[in-house]
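To start, the structure under review is shown below, and the notes come after it.
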Amino acid sequence: MKAVLDALRNIGGVRMAALVMKDGVPVVCSGADPALEADALGALAAGYLRELEQAATALSLPTPRRAFVGATRGSVYVHNLESGLLVVLVDSGAPLEQVGPALDAAVTRLTRRTERTTSTLTHIDQGRGAA
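Structural data, given as structure tokens:
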């Protein structure tokens with residue numbers, strides 16, 4: 011997972027990439043510094059996505075998979091994965107034409123990794139049941 015986040019961090023203008031649990035608690039992070047705490051950004055992203063999900067439900071819309079918040083000093087991308095949230099903090103003026111495809115590639119890699127892990131755990135659990 012760290013390698014996926016590090017690849018995102020290698021894009022110019024990406025300040026931080028983190029995988030956080032649905033409640034905002036960071037699991038793994040690349041590029042965090044004391045001035046930008048991963049737990050604060052994770053909590054912000056989780057809360058924002060939760061609010062979007064509630065609004066979508068109230069409007070009978072599908073659950074949002076992605077969220078983007080743009081501000082003067084930068085942007086936050088949040089992608090809702092089955093196992094958590096991918097949160098990426100980008101400086102203003104960053105090459106968004108590079109960030110978008112890199113985010114898609116990261117989501118694909120993280121999803122595949124999660125599916126393999128789930129499959130392995132299911133196999134192990136089934137082996138225990140057979141004993």
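In case it helps, this note's numbering puts the sequence shown at residues 11 to 141.
C-beta atoms are modelled at their ideal positions from N, C-alpha and C, and glycine is treated no differently.
Using alpha carbons as the reference points, say which of the options lies closest to residue i.
{"i": "Leu62", "options": "Asp49, Arg76, Leu51 and Ala50", "result": "Arg76"}
{"i": "Pro36", "options": "Val117, Leu95 and Thr82", "result": "Leu95"}
{"i": "Asp16", "options": "Tyr58, Val38, Arg83 and Ala53", "result": "Val38"}
{"i": "Val151", "options": "Glu47, Asp49 and Val86", "result": "The structure shown does not extend to residue 151, since the chain is modelled only from 11 through 141, so no value can be given for it."}
{"i": "Val97", "options": "Ala48, Leu69 and Ala115", "result": "Ala48"}
{"i": "Ala53", "options": "Ala81, Asp114 and Asp33", "result": "Asp33"}
Should residue i and residue j be called a contact, given that it needs their Cβ atoms to be closer than 9 Å?
{"i": "Glu92", "j": "Thr67", "result": "no"}
{"i": "Leu51", "j": "Met26", "result": "yes"}
{"i": "Val109", "j": "Val100", "result": "yes"}
{"i": "Asn90", "j": "Pro74", "result": "yes"}
What number of angstroms, rounded off, separates the C-alpha of residue i from the C-alpha of residue j?
{"i": "Ala56", "j": "Val88", "result": "8 Å"}
{"i": "Thr128", "j": "Ala104", "result": "Only weak support exists for where Thr128 lies, its pLDDT of 45 falling under 50; the value from the coordinates is given anyway. Cα to Cα, Thr128 sits roughly 35 Å from Ala104."}
{"i": "Cys11", "j": "Ala65", "result": "Looking at the sequence provided, one finds Met at residue 11 rather than Cys. Each residue's alpha carbon lies about 31 Å from the other."}
{"i": "Pro111", "j": "Val79", "result": "17 Å"}
{"i": "Thr132", "j": "Ile21", "result": "Because Thr132 carries a pLDDT of 45, less than 50, the predicted location of this residue cannot be relied on, and the following value inherits that uncertainty. Their Cα atoms are separated by approximately 36 Å."}
{"i": "Asp9", "j": "Glu107", "result": "Summary: the structure shown does not reach residue 9, with the chain confined to residues 11 through 141, and so no result is reported for it."}
{"i": "Thr130", "j": "Leu59", "result": "Summary for Thr130: the model assigns pLDDT 43, below 50, so the residue's position carries little reliability, and this model does not support an answer."}
{"i": "Leu29", "j": "Ser70", "result": "28 Å"}
With a threshold of 6 Å on Cβ separation, who are the neighbours of residue i within its own chain once the five nearest residues in sequence on each side are excluded?
{"i": "Ser102", "result": "Arg83 and Gly84"}
{"i": "Ser40", "result": "Leu15, Asp16, Arg19 and Ala27"}
{"i": "Ala42", "result": "Met26 and Ala48"}
{"i": "Arg119", "result": "Val14"}
Keeping to the same chain, check which residues put their C-beta closer than 8 Å to that of residue i; ignore five residues upstream and five downstream.
{"i": "Ala81", "result": "Ser102"}
Unbroken stretches of the beta strand (DSSP E), 3 residues or longer, contained in the segment 86-114: Runs found: 95-101.
Every unbroken beta strand (DSSP E) within the segment 19-85, with a cutoff of 3 residues, ordered by chain: Within the segment 19-85, the runs of beta strand (DSSP E) that reach at least 3 residues and sit entirely inside it are, in chain order, 24-30, 36-40 and 76-81.
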